[in-house]
Amino acid sequence: MTASFRQQVVLGMKRALYGRRGEPYRIEGQTLRYLPGTRPVRLRYSNSQDPVSRYDALQVAWLTSHLREGDTAIDIGACFGAYTILMAAKCGQRGRVVAFEPDPYAREVLEKNLSLNPGIRRPLIESSACFDTIGEAVLFSAGGNTQSSLARSAVRLSATQKAEEIRVSLVTLDAYFLVHSLPEPSCIKIDAEGAEIRILRGAKQLLLTNAAFLCELHPYAWPEFGNTLTELKDLMASVGRYVRFLDQNAEIGEQAAYGTVLLTPNR
Numbered sequence: 001m002t003a004s005f006r007q008q009v010v011l012g013m014k015r016a017l018y019g020r021r022g023e024p025y026r027i028e029g030q031t032l033r034y035l036p037g038t039r040p041v042r043l044r045y046s047n048s049q050d051p052v053s054r055y056d057a058l059q060v061a062w063l064t065s066h067l068r069e070g071d072t073a074i075d076i077g078a079c080f081g082a083y084t085i086l087m088a089a090k091c092g093q094r095g096r097v098v099a100f101e102p103d104p105y106a107r108e109v110l111e112k113n114l115s116l117n118p119g120i121r122r123p124l125i126e127s128s129a130c131f132d133t134i135g136e137a138v139l140f141s142a143g144g145n146t147q148s149s150l151a152r153s154a155v156r157l158s159a160t161q162k163a164e165e166i167r168v169s170l171v172t173l174d175a176y177f178l179v180h181s182l183p184e185p186s187c188i189k190i191d192a193e194g195a196e197i198r199i200l201r202g203a204k205q206l207l208l209t210n211a212a213f214l215c216e217l218h219p220y221a222w223p224e225f226g227n228t229l230t231e232l233k234d235l236m237a238s239v240g241r242y243v244r245f246l247d248q249n250a251e252i253g254e255q256a257a258y259g260t261v262l263l264t265p266n267r
């Protein structure tokens, strides 16, 4: 039995077991619910050999330990809402969460997951894509899975698949905060399948605040955006921040590598 087939069997069993109630995800005394296959990973995977599972678990641990009641948090690349709902639970009724998800397929699942959690304060869901310019662009989507990006190369397709091209609006984080007069965020999480450096370039004012930035790096897609690791380092140096991986065993070297980094103020 292959790992992929095993995952499909487990997913089918969970759908039969939980149905419309959603799969429970318990953390810090709270029970959140998600459609099977869309919840956050368990914290025990923080030592996993699989880098995606490991960094996902490390992100859950960081968000859980750092977000507080009343905080404002931003989820860029919210996808199905795994982190959005966790953020909303931690920020509480006095807090605020804004989730950006331009893919309509992912956004539909996100809305369903939100409906399973009526006890949290509803996050504000934005259909725009964050970038360093304001306007429009094409989002490449695999249609219904977790893969969508402003970079065609970031969307993995089978031999018979073709990426769907969806027109989306672009907004910079700095402009969004200026227009909406939101409180200074405690945390901004970015998972944008390669567009992360462009998003950071559009958030220079926010980078000068004390907001923590959790950012997944997808360097395989950077050439399509014209970005490099040196550019990321220089940008962070210009706003007084340093870059470190959430995984304490990993180091920022001369070559870009996948992983979640914390962009921390030097001040």
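If you're matching positions, the sequence shown starts at 1 in the UniProt record's numbering and goes up one per residue. Beta carbons are placed, not taken as given, at the ideal position from N, Cα and C, and that holds for glycine. Predicted model only: the values in this text are computed from it and were never measured.
Consult DSSP for residue i and reduce its assignment to one of helix, strand or coil.
i	result
P118	coil
R20	helix
T172	coil
Q248	coil
Q59	helix
K14	helix
L182	coil
V149	It should be noted that the sequence gives Ser, not Val, for residue 149. If DSSP states are grouped into helix, strand and coil, S149 belongs with the strands.
R156	coil
Y25	strand
residue 270	The structure shown has nothing for residue 270, since the chain only spans 1 to 267.
I134	coil
R68	coil
E164	strand
C79	coil
V41	coil
A257	coil
P123	coil
A195	coil
L141	Looking at the sequence provided, one finds Ser at residue 141 rather than Leu. In the structure shown, S141 sits in a strand (DSSP, three-state: E or B).
P265	strand
L32	strand
A88	helix
V109	helix
V52	helix
R94	coil
A237	helix
With distances taken between CB atoms, is the gap from residue i to residue j smaller than 8 angstroms?
i	j	result
S46	A61	yes
D103	K189	no
G29	F131	no
V155	S148	yes
V98	E126	yes
L246	Q59	yes
A221	E193	yes
H66	A212	yes
T72	S186	yes
I252	R241	no
T133	L170	yes
R115	V168	Here residue 115 is Ser; the residue named in the question, Arg, does not match the sequence. Their beta carbons are not under 8 angstroms apart, which means S115 does not touch V168 by this criterion.
A57	R39	no
E101	R94	no
I120	I166	no
D191	G37	no
Would you grab the beta carbon distance between residue i and residue j for me? Rounded to a whole angstrom, and I think it's under 8 angstroms.
i	j	result
S141	Y105	7 angstroms
N113	G81	4 angstroms
G259	L217	6 angstroms
L35	V109	6 angstroms
L200	L235	6 angstroms
R21	N117	With 8 angstroms as the limit, R21 and N117 do not qualify as a contact, their Cβ atoms being about 12 angstroms apart.
A256	A195	About 14 angstroms; that fails the 8 angstroms criterion.
D197	F225	One point to set straight first is that residue 197 is Ile, not Asp, in the sequence displayed. Confirmed, about 7 angstroms.
L182	R96	7 angstroms
V261	C215	5 angstroms
Using a Cβ-Cβ distance under 8 angstroms, would residue i count as near chain C?
i	result
A163	Among the chains of the structure shown, chain C does not appear; only one protein chain is present.
Entirely enclosed alpha helix (DSSP H) segments - the segment 205–235, minimum 4 residues: DSSP assignment within the segment 205–235 yields the following whole alpha helix (DSSP H) runs of 4 residues or more, N-terminal first: 222–225.
At least 3 beta-carbon pairs within less than 8 angstroms: the segment 90–104 vs the segment 202–221: Verdict: no, contact absent.
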